[in-house]
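Q: The structure that follows is given in the form of structure tokens.
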Ligand code: BGC
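Residue numbers (the UniProt record's numbering): 1 to 568.
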């Protein structure tokens, strides 16, 4: 076996990779920080890098492996940092390059890896590349973006749409041409068919590798290339307009996005990124993927040791919450992923907070169980700030809405601000201790009671459960690295076995607010020996008369002396 080469040799055999330091990302918990809303040290109402530095002890206490910091680069902030005007500098609202270097140093000293966002598919319209490119058709950067003449009738070159509403094309009066933008009009798409663009983007990535980062979350990574022939996307039948992430409220759902993203050429670029990262051992790439079949794309993009290390999709960021749905998504990926590696996520800065999205159960155990569940699947995990507190979605009044996506689609869709409100640190402080200045988004009144200081003190808080679970999980190689096999169980039970180097762990969750009884015989082969594990300190099951009694949102972990039913 080649060191670091992961391959499955038989249906139930462990994944044959040997762990080493450089593979820290396998099974890692990556804590996502949305810096605007984490902690503000200069009282301008916007979180900053010194804020992250001052909270590093808190971050380390979570037992996570890495942090992914959403964009903090120079930006006009039309999409709150996902519109970058200088990839090699820090926006003054967030701090300085010296702050960043200090953050890397101090995080590393605490054993925390640093991953940063790279927005490659598009820049801000304020980026010098675009300012030059739009000047005329002959300048050095003329072909760096996706430009096209109007059709005979003056309309846009094709029917491609912007995710944030309207046509994907905007007319530029200087060039007398349209330019492409898959997102806001102020986020023009780079032309990856141009090798100079690819090299410039790789150089920007290397700038941060040299500064010591451990990895990248690659924004909208399947959007880099577009169809060079600019073919129209076909219409999608009405009954299918429910693709992940979009529904009928957004006409973006009316098309199959065969041509504006996920082009075959993108695979070659993934390989270029990997070759660069290989020169910086231990550095990783995690791609955000949203395509017509994201699980298939995830499998392709992470296959072998030549493309991205990990990918994540929006499949578990939808409203669907049931044991069968989770099983179907994970099994569907497993069937195609071969040696690729997923990173699961149930919450981030783009979707409604998970405890609200998945039923709004007013129970701490619900939040605890959700995190345990997502971090027990095969893969790594992205866990969004506030998930460790069990925060609910904030209701933002229209006057306070900042997200342009929400402003366009109001009132059917309120945008993404409800999951981006400031982190509550102190229950009795102004703005819950986030800032003394007026925060860029209001702190949700119900979040004060969930503040860090209160949860720190309560042994049964979501926060302490999150910490306990992460520390316990680190000692469970089957959970971090093992393969996964589901057991057929009826709703609301999700059960599976993780297996690594001969060790088997049976895992079972109750997805409901009612207690459930599950016969052990439906999970295990006869005479199986169980070693029930409780070190995770979650709401646990008990075994009574050959049956598991799972409390509401209860969890069950046990080591198996003999094979579970699925493996017999
Ligand atoms: C990011 C969004 C952003 C978009 C455009 C995404 O997928 O997560 O927050 O608006 O890319 O960059």
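The C-beta atom is built at its ideal place from N, Cα and C for all residues, glycine as well.
Using C-beta distances below 8 Å, list every residue in its chain close to residue 78, excluding the 5 sequence neighbours before and after it, in chain order.
A: Within the same chain, residue 78 has close Cβ partners 124, 184, 186, 187 and 404.
Q: Taking contact to mean 3 or more Cβ pairs, one atom from each stretch, closer than 8 Å, check whether the region 367-379 and the region 502-515 are in contact.
A: At 8 Å Cβ cutoff, the stretches touch.
Q: Using 7 Å as the cut-off, classify the Cβ of residue 580 as near or not near the heavy atoms of the ligand BGC, replying yes or no.
A: What is shown of the chain runs 1 to 568, which leaves residue 580 out entirely.
Q: Buried or exposed: residue 432, going by 16 or more other Cβ atoms within 10 Å of its Cβ?
A: Flag for residue 432 reads buried.
Q: Examine the Cβ distances between the region 254-266 and the region 218-230 and report whether three or more of them are shorter than 8 Å.
A: Yes, they touch.
Q: Hey, out of 164, 194 and 108, whose CA is closest to residue 142's CA?
A: Minimum Cα distance to residue 142 is reached at 194.
Q: Using three-state DSSP, classify residue 349 as helix, strand or coil.
A: Coil.
Q: Short of 7 Å in beta carbon distance, which residues of its chain neighbour residue 256, apart from the five on each side in sequence? Order them along the chain.
A: Answer for residue 256: 233, 234, 236 and 292, listed in chain order.
Q: Got a sec? Which residues, its chain only, sit under 6 Å from residue 332 by beta carbon, not counting five neighbours each side?
A: These residues qualify, in order along the chain: 295.
Q: Terminal residues of the continuous alpha helix (DSSP H) containing residue 129?
A: Unbroken alpha helix (DSSP H) run through residue 129: 128-133.
Q: Less than 8 Å separating the beta-carbons of residue 107 and residue 64?
A: The answer is no: Cβ separation not under 8 Å.
Q: With DSSP as the reference, label residue 517 as helix, strand or coil.
A: Here residue 517 sits in strand by DSSP.
Q: Assuming the contact rule is C-beta atoms closer than 8 Å, residue 85 and residue 127 should be a hit. Round their C-beta distance to whole Å, please.
A: 5 Å between Cβ atoms; contact.
Q: Which residue marks the beginning of the alpha helix (DSSP H) containing residue 468, and which one marks its end?
A: It spans 462-474 - the alpha helix (DSSP H) in which residue 468 sits, taken as one unbroken run.
Q: What number of angstroms, rounded off, separates the C-alpha of residue 501 from the C-alpha of residue 539?
A: Using only the alpha carbons, I get a separation of about 28 Å.
Q: Would you kindly check if the distance between the Cβ of residue 169 and the Cβ of residue 156 is under 8 Å?
A: For residue 156 and residue 169, yes; Cβs fall inside 8 Å.
Q: Residue 219 and residue 114 - do their beta-carbons sit closer together than 8 Å?
A: No. Outside cutoff.
Q: Note the first and the last residue of the continuous alpha helix (DSSP H) segment covering residue 556.
A: Looking at the DSSP string, residue 556 is not in any alpha helix (DSSP H); the run it does join, the beta strand (DSSP E), is 555-560.
Q: Are at least three pairs of beta-carbons, each pair with one atom in the region 301-311 and one in the region 463-478, less than 8 Å apart?
A: No, they do not touch.
Q: For residue 96, tell me which candidate among 72, 81, 116 and 117 has the shortest Cα-Cα distance.
A: It is 72.
Q: Could you check the C-alpha separation between residue 239 and residue 253 for me, to the nearest Å?
A: Each residue's alpha carbon lies about 11 Å from the other.
Q: Report the CB separation of residue 546 from residue 522 in whole angstroms; it is logged as a contact under 8 Å.
A: That pair is no contact at about 10 Å.
Q: How long is the line joining the alpha carbons of residue 407 and residue 414, rounded to whole angstroms?
A: Answer to the nearest angstrom: the Cα atoms are 7 Å apart.
Q: Let's test the definition: count the other Cβ atoms within 10 Å of the Cβ of residue 199 and tell me whether it reaches 16, buried, or not, exposed.
A: So residue 199 counts as exposed.
Q: Should residue 285 be counted as a contact of the ligand NAD given a C-beta to heavy atom distance under 7 Å?
A: As presented, the structure is devoid of the ligand NAD, carrying the ligand BGC as its sole ligands.
Q: Rounded to whole angstroms, what is the Cα-Cα separation between residue 98 and residue 553?
A: Rounded to whole angstroms, residue 98 to residue 553 spans 45 Å at the Cα level.
Q: Which full runs of the alpha helix (DSSP H) of 4+ residues lie inside the region 264-292, going along the chain?
A: Taking only runs of at least 4 residues, the alpha helix (DSSP H) segments lying wholly in the region 264-292 are 265-278.
Q: Closest to residue 24 by C-alpha separation, out of 154, 285 and 483, would be which residue?
A: Checked all of 154, 285 and 483; the closest Cα to residue 24 is 285.
Q: The ligand BGC and residue 183: does the residue's C-beta get closer than 7 Å to at least one heavy atom of that ligand?
A: Because some heavy atom of the ligand BGC lies under 7 Å away, the Cβ of residue 183 counts as near it: yes.
Q: Under 8 Å between the Cβ atoms of residue 45 and residue 39?
A: Cβ atoms of residue 45 and residue 39: not closer than 8 Å.
Q: Run through the DSSP bridge pairs and tell me what residue 510 is partnered with.
A: Beta-bridge pairing links residue 510 to 493.
Q: Tell me whether residue 312 counts as near the ligand BGC, meaning its Cβ is closer than 7 Å to at least one heavy atom of that ligand.
A: No, the Cβ of residue 312 stays beyond 7 Å of every heavy atom of the ligand BGC.
Q: State yes or no: is the C-beta of residue 509 within less than 8 Å of the C-beta of residue 555?
A: Going by C-beta atoms, residue 509 is nearer than 8 Å to residue 555.
Q: How about the region 334-352 and the region 510-520: do they share at least three Cβ pairs that are nearer than 8 Å?
A: Short answer: they don't touch.
Q: Does the beta-carbon distance from residue 528 to residue 561 come in below 8 Å?
A: Against a cut-off of 8 Å, the Cβ pair of residue 561 and residue 528 comes out as a contact.
Q: Pick out whichever of 324, 325, 343 and 281 has its Cα sitting closest to the Cα of residue 310.
A: Residue 310 has its Cα closest to that of 343, out of 324, 325, 343 and 281.
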